[in-house]
Amino acid sequence: MLHSTLEARNTTALLAFVRAGLGATILPESTIRDTDGSLLFIKPGDPPGFRHLYKIRQPGRHSPVVEVFWNSLPNLATFT
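If you use this note's numbering, the sequence shown corresponds to residues 2 to 81, in order.
Shown next as structure tokens:
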């Protein structure tokens, strides 16, 4: 198996690597609207892709803004 020595921490860098022919990447579908049409996007269909989402926060006091935001999120698995 081949291993990459390239690492990127943002979408812009990942897309630049792909444009330069350095490989491929897996990104959220929302990335498509941020490109100029020069890349090919393939959406896996079988099985469909999904991800697990969790709400997490540090225990203790929270500002009213944090509480409103926290409570506005859907009932995902929570960790406090």
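Virtual Cβ for every residue (Gly too), placed ideally from N, Cα, C.
Contact check between the stretch 28–45 and the stretch 53–68: fewer than three CB pairs, one atom from each, fall below 8 Å, which does not count as touching.
Under DSSP, Gly46 shares a beta bridge with Pro49. For the pair Gly50 and Val66, the Cα-to-Cα distance works out to about 33 Å. Taking the Cα of Glu30 as reference, the smallest distance to any Cα among His63, Gly61, Ile43 is reached at Ile43.
Here DSSP, grouped into helix, strand and coil, assigns Ile33 to helix. In this structure, Ser5 and Gly22 do not form a Cβ contact; the two beta carbons are roughly 13 Å apart against a cut-off of 8 Å.
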